[in-house]
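The structure appears right after this line, and notes come after that.
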Amino acid sequence: MASYCHRRYVSRLFQNFGKLQPKSKGQEIGLSCHSHKLMLYNDIIAQSYAGGFHILPIGLRALEKLTRLVDEEMQAIGGQKIAMTTLAPESLWQTSGRWAAAGSELFKLMDRQKHQFCLGPTHEELVTKLLANIAQVSYKHLPIKLYQITRKFRDEMAPRYGLLRGREFEMKETALDTYNGVCGAYNRLFDRIGVPYVKVSGATGIIGGSLSHEYHYFADVGQDSVLLCERCGVQMNKELAAEDGSLPSACQMPAAQCDLQEQKGIEVGHTFYLGTKYSSPFKAVYMDSDGSTMIDFHMGCYGLGITRILQATVEALSTETGIRWPSLVAPHQIYIIPKKDGNRGEDYLAAAESLSDSLTQRRHLQGEIVIDDRMNLTIGRRQVDADRLGYPYTIILGVKALESPALYEVVETATRETTFMSIDQLMSLA
Ligand code: ATP
Ligand code: MG
Ligand code: MG
Ligand code: MG
33 MASYCHRRYV SRLFQNFGKL QPKSKGQEIG LSCHSHKLML YNDIIAQSYA
83 GGFHILPIGL RALEKLTRLV DEEMQAIGGQ KIAMTTLAPE SLWQTSGRWA
133 AAGSELFKLM DRQKHQFCLG PTHEELVTKL LANIAQVSYK HLPIKLYQIT
183 RKFRDEMAPR YGLLRGREFE MKETALDTYN GVCGAYNRLF DRIGVPYVKV
233 SGATGIIGGS LSHEYHYFAD VGQDSVLLCE RCGVQMNKEL AAEDGSLPSA
283 CQMPAAQCDL QEQKGIEVGH TFYLGTKYSS PFKAVYMDSD GSTMIDFHMG
333 CYGLGITRIL QATVEALSTE TGIRWPSLVA PHQIYIIPKK DGNRGEDYLA
383 AAESLSDSLT QRRHLQGEIV IDDRMNLTIG RRQVDADRLG YPYTIILGVK
433 ALESPALYEV VETATRETTF MSIDQLMSLA
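Numbering-wise (our numbering), the sequence shown opens with residue 33 and increments by one.
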C-alpha cells in the first residue's frame with residue numbers, strides 16, 4: 033500500500049543516533065555551543081571542513097520546512113522566486129566598488145582564460161545587472177519583487193558554532209520591493225516560527241544604503257550585542273551606536289530615566305534600503321510614466337540566514353541534552369515507541385506500524401511519523417533518545433495498546449505531560 037512508503041524507522045542509517053560518529057567528535061567541538069553539539073550528536077548535520085557542513089536527512093527535512101515557510105510568506109507579498117548563479121564575474125564587483133571593499137572574505141577563483149570570479153557572498157551586483165539587461169522596464173512593472181534561496185560563500189575569519197557561522201551557508205535574498213512590505217513578511221515569518229525575536233536598527237556595513245534593520249534571536253552565544261530600552265523604545269545593534277554615535281539622539285528621555293539593557297543576539301535577518309547605490313553604477317533604469325524619462329531603480333535588499341535560523345532556533349529553545357524545535361520546523365511530528373516484549377514484540381511493532389499508517393492517512397502526516405523499531409531496547413532507553421530528538425509528540429505502545437479498546441500513552445515533548453488516548457482522541461490531537 034502507498035502508506036507503507038511513508039513509514040520511517042529509527043534503525044535506518046542516519047536516524048540511529050551516534051552510530052556513525054567518530055570517537056573524537058566530543059573533543060573536536062568541546063568549545064562550541066549546545067545547538068552545534070546537539071545537531072552533530074543527533075546526525076542532523078556533519079562537518080565537511082571547518083565552516084562547511086553537510087545537512088543530513090533529518091536536518092534537511094527541517095531546513096526544507098523552514099524554506100517552505102519563507103516561500104509562503106514571500107509568495108504572499110507577490111514575490112517571484114529565481115535562482116541566480118553562484119559565480120560572479122570580478123568586473124561586476126569592480127563596478128560596484130566591492131571587489132576591494134569586501135577584502136579577504138571573498139572566495140576568489142580564476143577560469144582557464146584567466147578571468148577572475150568570486151563565489152557569491154551576496155548578490156546585489158548580479159541582480160542589479162540582471163535588471164539592467166532588461167531593456168523595457170516601465171513604471172507599470174514596479175515594484176519588482178525577486179527573491180532567491182541559495183548558498184552563499186564567505187571566507188569568515190573565524191567560522192564557528194556550526195551553522196551559526198559557516199563559510200558556506202544558505203541565505204534568502206530579496207531584491208527591490210518596498211522596504212515595509214518585506215519587513216512585514218519577515219515579522220509574520222518570525223511570528224510563525226515562534227521563537228522570541230527583536231527587530232533593531234542595524235549598521236549598513238559593506239552592503240551600504242541608508243536604512244537598515246536586523247532581526248535577532250536572544251542567545252548567549254550570539255556574536256552581536258543589541259541595546260534595548262523598554263522606556264524610550266530604543267532597539268539597536270550596539271555596532272551602530274558605536275559607528276555613528278547615534279545612541280544619545282535615539283533616546284528621547286533624560287538619561288536618568290532611560291533603562292538601556294544590553295543583550296547578546298544572533299543576527300538571523302538583515303534588511304537594507306539601498307536607494308540607487310547599485311542601480312546607478314549599473315545603469316539599471318525604468319521608464320517613467322511620461323514615456324521618456326529613465327529613472328534609476330530604488331532598491332532594497334533583504335537577507336535571511338536560512339541555515340543560521342535553523343540552528344539558532346535550536347540554540348534558543350533546546351535544553352543541554354535535548355533538541356527542541358519550533359513545531360512548524362520539527363523534522364517529524366510524532367515518535368512511536370512500541371514495547372519490547374519477549375513473546376509479543378512482533379505484535380507491538382505491527383500495532384505501531386498500523387497506528388502510523390492510520391495517522392498518516394487520516395491526519396495527512398505523510399513522512400511525519402517515525403517508529404523506533406530498535407526492539408532490543410527498553411521503552412525507557414528509547415524515550416531518552418526521543419527526548420533528545422525533541423519531536424513534538426511521543427506515542428508509547430505498552431500493554432494497553434494491545435487491549436480492546438486500545439489506549440496509547442502520549443507524551444507532549446514541550447510540557448512532558450503524559451495522557452492515555454484512544455485512537456479517536458489521537459486522530460484529533462492538535
Ligand atoms: P554577521 O554580522 O553575523 O557576520 P552579516 O551582517 O555579515 O552577519 P549579512 O551580510 O547581513 O550578514 O547577511 C544576511 C544574513 O545572512 C545575516 O543576517 C545572517 O542571518 C546570515 N549570515 C551571514 N553570515 C553568515 C555565516 N557566516 N553563516 C551563516 N549565516 C550567515
Ligand atoms: Mg559578516
Ligand atoms: Mg552583522
Ligand atoms: Mg548583517
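Even glycine gets a Cβ: it sits at the ideal position worked out from N, Cα and C.
Exclusion of ARG130 from the 7 Å shell around ligand 1 follows from its C-beta lying no nearer than that to any non-hydrogen atom of the ligand. A Cβ-Cβ distance of about 6 Å is found for the pair PHE185 and PRO153, placing them in contact under the 8 Å criterion. Closer than 7 Å to some heavy atom of ligand 1: that describes the Cβ of ILE239. Partner residues in the beta bridge of LYS204, as assigned by DSSP, are ILE181 and LEU336. Beta-carbon to beta-carbon, LEU95 and ILE87 are separated by about 6 Å, close enough to satisfy the 8 Å threshold. About 6 Å separates the beta carbon of GLU441 from that of THR450, a gap short enough to meet the 8 Å contact definition. Runs of the beta strand (DSSP E) lying entirely within the stretch 265–317, each at least 3 residues long, are 267–269 and 293–307 in chain order. Our two residues, THR182 and SER67, have alpha carbons roughly 23 Å apart in a direct line. Annotation: LYS204 to GLU104 spans about 13 Å, alpha carbon to alpha carbon. Taken atom to atom, the span from the alpha-carbon of LYS432 to that of LEU439 is near 5 Å. Bounds of the beta strand (DSSP E) holding LEU429 are 425–429. For LEU98, the uninterrupted alpha helix (DSSP H) segment begins and ends at 89–108. Note on geometry: alpha-carbon atoms of GLY237 and THR303 lie some 12 Å from one another. DSSP links ASP328 through a beta bridge to VAL317. Check the Cα spacing between SER312 and each of HIS248, LYS69, ARG93 and THR160: the tightest is with THR160.
Of the candidates GLU385, THR445 and LEU397, the residue whose Cα lies closest to the Cα of LEU434 is GLU385.
Less than 8 Å separates the beta-carbon of THR345 from that of PRO358. In this structure, VAL214 sits away from TYR318, with a CB-CB distance that is not shorter than 8 Å.
With 16 or more other CB atoms across the displayed protein chains lying within 10 angstroms of its CB, PHE149 is buried. Counting along the chain, LEU461 sits inside no beta strand (DSSP E), nor does DSSP assign it H or E at all. Within the chosen limit of 7 Å, ligand 1 reaches the beta carbon of MET203 through at least one heavy atom.
The criterion of a C-beta distance shorter than 8 Å is satisfied by ALA362 and TYR423. Less than 8 Å divides the Cβ of ARG420 from the Cβ of ASN74. Ranked by how close their Cα comes to the Cα of TYR41, the residues ARG394, SER388, ILE455 and ILE114 have SER388 in first place. In terms of Cβ geometry, GLU262 and ASP291 form a close pair [threshold 8 Å].
In this structure, the CA atom of ASP456 is about 11 Å from the CA atom of ARG395. For ILE411, the closest alpha carbon among the candidates GLY135, TYR380, ALA207 and GLU137 is that of TYR380. Per the DSSP secondary-structure output, ILE114 pairs with nothing in a beta bridge. The C-beta distance from ILE298 to TYR218 rounds to 15 Å, too long to fall under 8 Å, and the pair is not in contact.
Cβ neighbours of LYS372 within its own chain (closer than 8 Å, five residues either side excluded): TYR380, MET407, ASN408, LEU409, THR410 and ILE411.
The DSSP assignment places 211–225 as complete runs of the alpha helix (DSSP H) inside the stretch 209–245, in order along the chain (cut-off: 4 residues).
The beta-carbon distance between ASP320 and TYR171, rounded to whole angstroms, is 6 Å. This is short enough to meet the 8 Å contact definition. In this model, ARG197 and LYS113 are separated by some 25 Å (Cα to Cα). As far as DSSP is concerned, TYR171 takes part in no beta bridge. Sequence-distant Cβ neighbours of TYR367 in its own chain, meaning closer than 6 Å and more than five residues away, are VAL402, ALA418, TYR423 and THR426. Inter-residue distance for VAL416 and ASN269 is about 40 Å (C-alpha atoms, whole angstroms).
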